Every structure is written in structure tokens, then in C-alpha cells.
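For the sequence shown, this note's numbering gives the first residue as 180, with consecutive numbering after it. C-beta: ideal position from N, C-alpha, C; glycine also. Bear in mind that the values here come from a model prediction, so they are computed numbers and not experimental data. Accompanying notes for the structure given below.
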Amino acid sequence: MSESRRYAIIGCGMMGREHMANLALVPGAHLVAIADPDEGSRKAALTHAQGLGQQISLFDDTQIMLAEAKPEAVIIASPNFTHFDVVRPVMDAGCAVLMEKPMCTAIDEALVLYEKARDYPSLFWVGLEYRYMPPVTNFISRVHAGDAGDIKMLAIREHRFPFLVKVGDWNRFNRNTGGTLVEKCCHFFDLMRHILRDEPVRIFASGAQDVNHLDERYDGEVPDIIDNAFVLVDFAGGARAVLDLCMFAEGSQEQEEISAVGPEGKLEVKLPGGFVTWSPRDKSGPFAQHIATPPDALAAGDHHGATYYQQRDFHEALVSGTAPLITARDGYRSVVMGAAAQQSIATGLPVAIQFEDED
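This is the structure in C-alpha cells:
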């Protein structure tokens, strides 16, 4: 069986162009088409493709692109609120799907898409790629190997820059993003489930929009996306996880920090530094190990190599016909957790987690 497959991307803004650069690193992944209704984005994609040596066709209509380019796999990187509608013709065409996070912005749509994907005969993969940052992957493997024992406390901190400018400024409003804790933090809720190999039962959150975007106006409207939060998550097995998010901390030395503590000690990883540190309780440590990420993968995007490694595994699954490693269920559950955290902030009350995707 040939390992070559034809790819298309729907949505060629910043994330779409990152996917372009990373597809260029995956042997056998041939980008043939881009679909985007925005002329400026199409022009930027064409320039980017020329620099990458990719020969692509440009379309302003997804249906026409699917009919004429006939891709075997489609990466959906359009704005969050379009995902539910954009993916339908792609699935009708039977293409393999790599769906950018969040899978949807609303719980009901995410559940419908999960149910549709469950019976979909082609590959359906949700782009929760933070699992794929090499230092994080190493950290997770050590947690799962039991280095720290049965994890009791998991902490994730992201102290970073504000939301970037997007086409049409769509990411300035909760109605388009699902809210910051869906749009951005679905990554971290997915990491919690993946690291702990357990399911959440309760979320309590406190957050606000205190600094960013308050002086911006779009058709007279002030953005309503929160820029900082603490989120506490109780898991069924007794572990607790916490998210510490600040989006006006671009001067931080480390943007992401994850720590897992169990009865044997503490494991932690920091990015972009790339160090995984083991601190046993007997005080013989700490022992720090630097986990390198290949320079070409680092240069191809803003996610510490994660986009490349995810695309590599997606392509391998596409060629071999194996199951996705990040599923529609993962996508749905990360949306539910983010929406519950947003609800908790709005009400000031803890929210019980209820998943409706049980088989």
C-alpha cells in the first residue's frame, strides 16, 4: 500500500498555515488544496506554500474544493464556531478528518458530532496536540510508568500572552469561541484526563476579564473573553487537578508548567525550557533531564513541535487504517469540562460533570 495521501486544509489563518508547514515535514503527506472564504488568508497561504515548495489549489468554497481536489484527508482549522457546519460536507465526502480544537463551541453540537464520528468509517481525530510536545510526552510516560506512584495532585499552569488578532476578530467574543476555558483550555482539560487516566466529577472555577481587550471595540461591542482563572477539578478516583491561567504574563520565563505529585515524589515539566524534573521524597534529587525537540519541528509552528508529531501519527493511522489516538470522545469531553468551568465562573458555584456519551 502506498504511503502517500492527498491532504486539504479548510481555514488557512495562523493555525492553518502552521499545519501547512508541518505537513511539509511528514513523508507522504501531500497538501493539494486550501479552502478559505477570506481572500487575504488565501493569498497568505499561497505565499506560504510557495516557500514550502507545496503545489496547491486555492478555493473559496469547501464543496467545490472537495469535488475538484478530491483530498483523502482534510484538516479543519477554520474558526471555532464554524467547526460543526464545516465538517459536515467533509464527512459526507468520506474524507479522513483532523479537527482542530475545540471540536465545537457548544456541548450539544459536540455531542452530536461525537455520535456522528463514533460510526464514521474513516479516521476522525481531534487536534488536542499538547499531548505531543516532546517534553510533555516524556513527562506523561513517566507518570504512567508509576515513577511518582498513584498521582494525588496534578497542577497545570499557563502564563502567556493575550489572544492574538484573528481574521474578523472572531476570537474576541464568547459566542464565537465557547469562552476562554473552552477555546484555549480544552487542551489542559484533555491533559488532565489523559495524565490521570480518570474522569472528572466536579469543577469549581473563579476567573474574570481583568486586563486584556477592555479598550477594544468591535461594532461598539467590548470583548467578553476572560483573561485569567483558577479551575479546580475533582476526579472520580480521588485525585485533584488545578489549572492556573493568566493571559497577561507574556514576560514569563516558562509559559507552561505541569506537575504531578504522588506518594513517591513529584514530576514536573516546563516549556519552553523543555526540562522534566523528578524530585523523590527521600530528597536525593531533584534530577532534571532536558528533552530536546528537533529544530525543524520547533520552527514549523508555535506549539513546541506538537503539531508535527500529531500529524505524523495521524498520517500513520491514515495509511495503516488504525484508530485515532485522540478521539471524538476526547474532543467532546474537553468541551464539556471547559463549558462547566465557564458556568462555574458565571454562577460562583461548583458544577457536577455529566457526560452523555456513554456507550
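- Here the stretch 288 to 298 does not lie against the stretch 206 to 226, with fewer than 3 beta-carbon pairs under 8 Å apart.
- If you draw a straight line from the Cα of Arg508 to the Cα of Asp536, it comes to about 7 Å.
- Just measuring C-alpha positions, the residue of Ile505, Asp406 and Phe303 sitting nearest Cys364 is Asp406.
- Annotation: Leu245 to Val269 spans about 7 Å, alpha carbon to alpha carbon.
- Within the same chain, Cβ atoms closer than 6 Å to the Cβ of Cys191 are found at Ile213, Asp215, Ser220 and Ala224, the five residues on either side in sequence being excluded.
- Taking C-alpha positions only, Met332 is separated from Phe383 by approximately 16 Å.
- Two segments are said to touch when three or more pairs of C-beta atoms, one from each, lie closer than 8 Å; by this definition the stretch 312 to 331 touches the stretch 411 to 427.
- Where Arg376 is concerned, there is no enclosing alpha helix (DSSP H), because DSSP gives it neither an H nor an E.
- If you draw a straight line from the Cα of Asp217 to the Cα of Ser463, it is about 57 Å long.
- Secondary structure at Met270: helix, using DSSP grouped into helix, strand and coil.
- According to DSSP, residue pairing for Trp457 in a beta bridge involves Leu446 and Phe466.
- The C-beta of Gly517 has 16 or more other C-beta atoms within 10 Å across all chains shown, which makes the residue buried.
- As far as DSSP is concerned, Arg508 takes part in no beta bridge.
- Glu495 and Asn391 have their C-alpha atoms roughly 41 Å apart.
- With at least 16 other beta carbons inside 10 angstroms of its own, Gly480 counts as buried.
- Inclusion of Asp369 and Ile505 in the CB contact set at 9 Å is warranted, their separation being smaller than that value.
- Residue nearest to Gln522 within the set Ala408, Leu477, Ser320 and Ser236 is Ala408 (criterion: CA-CA distance).
- For Ser438, the uninterrupted beta strand (DSSP E) segment begins and ends at Glu435 to Gly441.
- In the structure shown, the three-state DSSP call for Arg491 is helix.
- The beta-carbon distance between Val380 and Asp413, rounded to whole angstroms, is 5 Å. This is short enough to meet the 8 Å contact definition.
- If you check the CB distance, Asn259 and Trp349 come in under 9 Å.
- Residue nearest to Ile189 within the set Ala252, Ile532, Leu231 and Ala203 is Ala252 (criterion: CA-CA distance).
- Taking a 10 Å sphere around the C-beta of Gly510, we find 16 or more other C-beta atoms and assign the residue as buried.
- The residues Cys425, Ala428, Ser431 and Gln434, in chain order, have a CB closer than 7 Å to that of His338 in the same chain once the five nearest residues on each side in sequence are set aside.
- Here Asp326 has Glu443, Gly444, Leu446 and Trp457 as same chain residues with Cβ atoms under 8 Å from its own Cβ, once five neighbours each way along the sequence are excluded.
- Under the Cβ criterion (8 Å, minimum of three pairs), the stretch 395 to 403 does not count as touching the stretch 261 to 276.
- The DSSP-derived three-state label of Gly347 is helix.
- If you draw a straight line from the Cα of Pro474 to the Cα of Gly452, it comes to about 14 Å.
- Excluding five sequence positions before and after Leu411, the CB atoms of its chain that fall closer than 6 Å to its own CB belong to Phe383 and Val421, given in chain order.
- Less than 9 Å divides the Cβ of Pro314 from the Cβ of Ile470.
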